[in-house]
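Student:
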Amino acid sequence: MKTGTSGLVRIYRPAAPASLPQGTEEQRTFGSSPVPSPTERWLPAPPQRLSGASDRTNIYPREVQDMIAERIGSLLIGYALGNVLTAEIVTRKLTGRPCRELGTTGNPGMANVMAHLGFKPGIITLAGDLGKCALSCLLADLLFTPAIGRIAVLYAGVGCTLGHDFPVWQKFHGGKGVATSCLAIFLFSPLWGFVSNVFGMLVTFITQYLCVGGAVLPASFVIPMFVFYGREAGFLSLFLAAVCFMEHFPAIRTIPSGECEKIDVWGKIKAALTKKGTK
């Protein structure tokens, strides 16, 4: 501010930038947007609305919606492949009957096939169940891991176990999901998956109850997941353990009465290896 000879106050105003159109404050614009006032420059920018989305549907950002879709995609891939029951294929091929008529449990899994059809059919069943879980996790890893990380593998493994336990084409009556859950936790975390698998096998060999080992194995994986991999992996592992326990609980409940079938898995393996060595 400066006073001239005439006594009037002369006010110096900064010249407008050359790139701005001349005119009043309201008329000066950057393209189509008004020039912000000094106060507006320090205010946070308003949230951006997704193009074509209404106020009610624009609850989550696009990135969050994509992350949810990729998790669902991993689950669906696993569930679709989990519907392929190898035990059903092997049993029908060898006996011409459905697997539900095999043994006392009718369980379409490796243990039931090995106990009643032999070691080789049991190994084929195990290989098929492990193969579908491995393929599910591989596809999820290739498609979704770049976006959501390794958790996609665990989602696919959980989906494969759900597809094995509750297949649509068998009216949601399937297996116990032991093999698929074993491989799923190993592929997600090789170290803790190996520890859990060894612990579950020891429990099975000692008790000779497949139901006990099948329930204990995924349960032993839960705490390491919460500690080392966070809440999402922990809750997924807890859900997997709950599904496996629910599937094995009817058999576990019959242990005190002696109705639960004992299977000496280790003895069958040794007998099969001995028989093969004598040939």
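Basically my numbering = 1-based index in the sequence shown + 1103. We treat Cβ as the ideally placed atom computed from N, Cα and C, and that holds for glycine.
(1) Measuring only the C-alpha atoms, how far is Leu-1229 from Val-1325?
(2) Starting from Phe-1275, trace the alpha helix (DSSP H) in both directions and tell me its first and last residue.
(3) Assuming Lys-1279 contacts His-1219 under a Cβ cut-off of 8 Å, what Cβ separation, rounded to an integer in Å, is found between them?
(4) Should Met-1349 be labelled buried (16 or more other beta-carbon atoms within 10 Å of its own) or exposed?
(5) Measure the C-alpha to C-alpha separation of Pro-1293 and Leu-1313 and round it to an integer number of angstroms.
(6) What is the rounded straight-line gap between the Cα of Val-1193 and the Cα of Ser-1360?
(7) In angstroms with no decimal places, state the Cα-to-Cα distance between Glu-1335 and Ala-1255.
(8) Please look up how many angstroms separate the CB atoms of Gly-1316 and Thr-1310, rounded, as I've assumed it's under 8 Å.
(9) Mapping DSSP to helix, strand and coil, what is Gln-1311?
(10) Quick check on this structure: which residue in Leu-1305, Ala-1259, His-1276 and Val-1306 has the alpha carbon closest to the alpha carbon of Ile-1288?
(11) Taking its Cβ as the centre, do 16 or more other Cβ atoms sit within 10 Å of Arg-1174, making it buried, or is it exposed?
(12) Exposed or buried, His-1267, counting other C-beta atoms within 10 Å across all chains shown (16 or more means buried)?
(13) Roughly how many whole angstroms lie between the Cα atoms of Leu-1246 and Thr-1377?
(14) Does the beta-carbon of Lys-1196 have 16 or more other beta-carbons within 10 angstroms, so that it is buried, or is it exposed?
(15) Decide if Lys-1235 is buried, meaning its Cβ has at least 16 other Cβ atoms within 10 Å, or exposed.
(16) Who are the near neighbours of Ile-1180 in its chain, counting only those whose CB is closer than 6 Å to its CB and skipping five residues on each side?
(17) So which of Met-1170, Asp-1367 and Asn-1186 has the shortest CA-CA distance to Leu-1265?
(18) List the whole-angstrom C-beta distance separating Thr-1198 from Gly-1231, where the pair is believed to meet the contact cut-off of C-beta under 8 Å.
(19) Need the endpoints of the alpha helix (DSSP H) that Asp-1367 sits in, please.
(20) Of all the alpha helix (DSSP H) runs that stay within the bounds of the region 1324-1362, which reach a length of 4 or more residues?
(21) What's the C-alpha gap between Gly-1252 and Glu-1191?
(22) Quick one: give me the first and last residue of the alpha helix (DSSP H) that Arg-1195 is part of.
(23) Among Gly-1296, Trp-1295, Leu-1320 and Phe-1291, which has the Cα closest to the Cα of Leu-1305?
(24) DSSP three-state label for Thr-1264, please.
(25) Between the C-alpha atoms of Leu-1323 and Pro-1201, what's the straight-line distance to the nearest angstrom?
(26) Using a Cβ-Cβ distance under 7 Å, would Phe-1338 count as near chain D?
(27) How far does the alpha helix (DSSP H) with Gly-1225 in it extend, from its first residue to its last?
Tutor: So, from the listed chains and residues:
(1) Counting from 1 along the sequence shown, the entry for residue 1229 is found at position 126. Counting from 1 along the sequence shown, the entry for residue 1325 is found at position 222. Taking the straight line from one Cα to the other gives about 24 Å.
(2) Here residue 1275 corresponds to residue number 172 of the sequence shown, with the count starting at 1. From DSSP, Phe-1275 is part of no alpha helix (DSSP H); its letter is neither H nor E.
(3) In the sequence shown, counting from the first residue as 1, residue 1279 sits at position 176. In the sequence shown, counting from the first residue as 1, residue 1219 sits at position 116. Actually they are not in contact, since the Cβ atoms of Lys-1279 and His-1219 sit about 16 Å apart, beyond 8 Å.
(4) On the sequence shown, position 246 is the one that residue 1349 refers to. The residue in question, Met-1349, is exposed, as its Cβ has fewer than 16 Cβ neighbours within 10 Å.
(5) Counted from its first residue, the sequence shown places residue 1293 at position 190. Counted from its first residue, the sequence shown places residue 1313 at position 210. Going by the C-alpha atoms only, they are around 23 Å apart.
(6) Position 90 of the sequence shown holds residue 1193. Position 257 of the sequence shown holds residue 1360. The alpha-carbon atoms of Val-1193 and Ser-1360 are separated by roughly 32 Å.
(7) In the sequence shown, the residue the question calls residue 1335 occupies position 232. In the sequence shown, the residue the question calls residue 1255 occupies position 152. Going from the Cα of Glu-1335 to the Cα of Ala-1255 covers about 11 Å.
(8) The residue you call residue 1316 lines up with position 213 of the sequence shown. The residue you call residue 1310 lines up with position 207 of the sequence shown. About 7 Å separates the two Cβ atoms, so the contact holds.
(9) What you label residue 1311 is simply residue 208 of the sequence shown in a count that begins at 1. Looking at Gln-1311 - three-state DSSP - the assignment turns out to be coil, as it is neither helix nor strand.
(10) For this step, residue 1288 is matched to residue 185 along the sequence shown. Ranking Leu-1305, Ala-1259, His-1276 and Val-1306 by CA distance to the CA of Ile-1288 puts Ala-1259 first.
(11) Within the sequence shown, residue 1174 is the residue found at index 71, counting from 1. Buried, because 16 or more other Cβ atoms sit within 10 Å of the Cβ of Arg-1174.
(12) Here residue 1267 refers to the residue found at position 164 of the sequence shown. Result: buried.
(13) Working through the sequence shown from its first residue, we reach residue 1246 at position 143. Working through the sequence shown from its first residue, we reach residue 1377 at position 274. Those two C-alpha atoms are separated by around 44 Å.
(14) The sequence position of residue 1196 within the sequence shown is 93, counting from 1. Answer is exposed; the Cβ neighbour count stays below 16.
(15) As a position in the sequence shown, residue 1235 is number 132, starting the count at 1. So Lys-1235 ends up on the buried side.
(16) Translated into the one-based positions of the sequence shown, residue 1180 becomes position 77. Around Ile-1180: Ser-1239, Leu-1242, Ala-1243 and Ala-1259.
(17) In the sequence shown, counting from the first residue as 1, residue 1265 sits at position 162. Ranking the options by Cα distance to Leu-1265, first place goes to Asn-1186.
(18) The residue labelled residue 1198 in the question sits at position 95 within the sequence shown. The residue labelled residue 1231 in the question sits at position 128 within the sequence shown. Contact doesn't hold; Cβ gap of about 17 Å is too wide.
(19) Along the sequence shown, read from residue 1 onward, the residue named residue 1367 stands at position 264. Asp-1367 -> no alpha helix (DSSP H), and no H or E assigned at all.
(20) 1325-1332 and 1334-1355
(21) The residue labelled residue 1252 in the question sits at position 149 within the sequence shown. The residue labelled residue 1191 in the question sits at position 88 within the sequence shown. Computed Cα separation, rounded: 34 Å.
(22) Mapped onto the sequence shown, residue 1195 falls at position 92. Element bounds for Arg-1195: 1189-1198.
(23) Against the sequence shown, residue 1305 aligns to sequence position 202. The shortest C-alpha separation from Leu-1305 is found at Leu-1320.
(24) As a position in the sequence shown, residue 1264 is number 161, starting the count at 1. Of the three classes helix, strand and coil, the one that applies to Thr-1264 here is helix, per DSSP.
(25) Taking the sequence shown and counting its residues from 1, one reaches residue 1323 at position 220. Taking the sequence shown and counting its residues from 1, one reaches residue 1201 at position 98. In the sequence as presented, Leu is not what sits at residue 1323; that position holds Ser. Cα-Cα distance, rounded: 33 Å.
(26) Chain labels in this structure do not include chain D; a single protein chain is all it has.
(27) As a first step, residue 1225 is located in the sequence shown; it is residue number 122 there, counting from the start. From DSSP, the alpha helix (DSSP H) with Gly-1225 extends over 1222-1251.
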